[in-house]
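Structure first, then comments.
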Amino acid sequence: MQTTFKIRRFKPADLEQVMHTNRTCLPENYSSFFFTNLYERFPATFIVGEENGKVVGYAMCRIERGIPSFKIIGLTKKGHLISIAVLPEYQRRGIGYAIMREVMQATLLYEATECFLEVRVGNTAAVNLYKKLGFRIARTKRRYYVDGEDAHLMSRKLPFTSKETPR
Ligand SMILES: CC(C)(COP(=O)(O)OP(=O)(O)OC[C@H]1O[C@@H](n2cnc3c(N)ncnc32)[C@H](O)[C@@H]1OP(=O)(O)O)[C@@H](O)C(=O)NCCC(=O)NCCS
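So the sequence shown is numbered by my numbering: it starts at 205 and just counts up by one.
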């Protein structure tokens, strides 16, 4: 299918559409302050997908300092994916993948050496998306979500390798 969507950074005027997408797609919802605060702290890693001027998907990320997963010593910066969603009628067209690629690329601006995220173990679509982006399951967090479902902790090293070509 021909791609007609555009991937770009979030801007404050997108907030309502992003919150609508979040509420439509996920049980984990956040206040407007939460979205705005992440944008103000890490503007480059808050990305939206737009189709005909309408925001139809988003992802946002926090840069954290922690123990590296892929080497032995020191501390490192990591991109922590906080939330991603694409409106149901726009799913399966490559928008989620393109948004994630852009988010991961943007974490490099903050000197991240890896990316990680939590995902419901039963969320096959998201787990497959992350695997396609090079993430692997590092471990499983028991009863991570308020409804009792477990989460996979998935991570991958950055940057992209020269073998990883854009879709
Ligand atoms: C997960 C989500 C963001 C994927 O967005 P998307 O735009 O539909 O994803 P893409 O079209 O870019 O798909 C990329 C890959 O993800 C996987 N994938 C996406 N949807 C899938 C599905 N329904 N079933 C199985 N695999 C799926 C596939 O590997 C796909 O590659 P392919 O099309 O070559 O097979 C979307 O399904 C969504 O918003 N879900 C609800 C919110 C959510 O669960 N967020 C994640 C919380 S951790």
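C-beta atoms are modelled at their ideal positions from N, C-alpha and C, and glycine is treated no differently. Note that the structure is a prediction, hence the values are computed from the model and not measured.
Item                                                                                                         : Value
Arginine 245 versus glutamate 255 - alpha carbon distance                                                    : 26 Å
Valine 290 beta carbon near ligand 1 (any heavy atom closer than 7 Å)                                        : yes
For phenylalanine 214, the nearest candidate out of Glu232, Ile341, Val260, Tyr314 (CA to CA)                : Val260
Validate contact between the region 267-280 and the region 312-325 using beta carbons, cut 8 Å, 3 pairs      : yes
Short Cβ contact (8 Å threshold) for threonine 328 with leucine 362                                          : no
Residue range of the unbroken beta strand (DSSP E) whose run includes tyrosine 262                           : 258-270
Stretch-stretch touch, CB-based, cutoff 8 Å, three pairs: the region 336-347 with the region 296-311         : yes
Alanine 248 versus leucine 313: straight-line alpha-carbon distance, rounded                                 : 8 Å
Unbroken stretches of the beta strand (DSSP E), 3 residues or longer, contained in the region 329-355        : 340-345
beta-carbon cysteine 265 near ligand 1 non-hydrogen atom, thresh 7 Å                                         : no
Every unbroken beta strand (DSSP E) within the region 266-323, with a cutoff of 3 residues, ordered by chain : 280-290
C-beta contact flag for phenylalanine 288 and alanine 263 at 8 Å                                             : Looking at the sequence provided, one finds isoleucine at residue 288 rather than phenylalanine. Contact: yes.
Sheet register partners of leucine 357 (DSSP bridge)                                                         : Glu322, Arg343
Where glutamate 254 falls: helix, strand or coil (DSSP)                                                      : strand
Cβ-heavy atom distance, lysine 281 to ligand 1, below 7 Å                                                    : no
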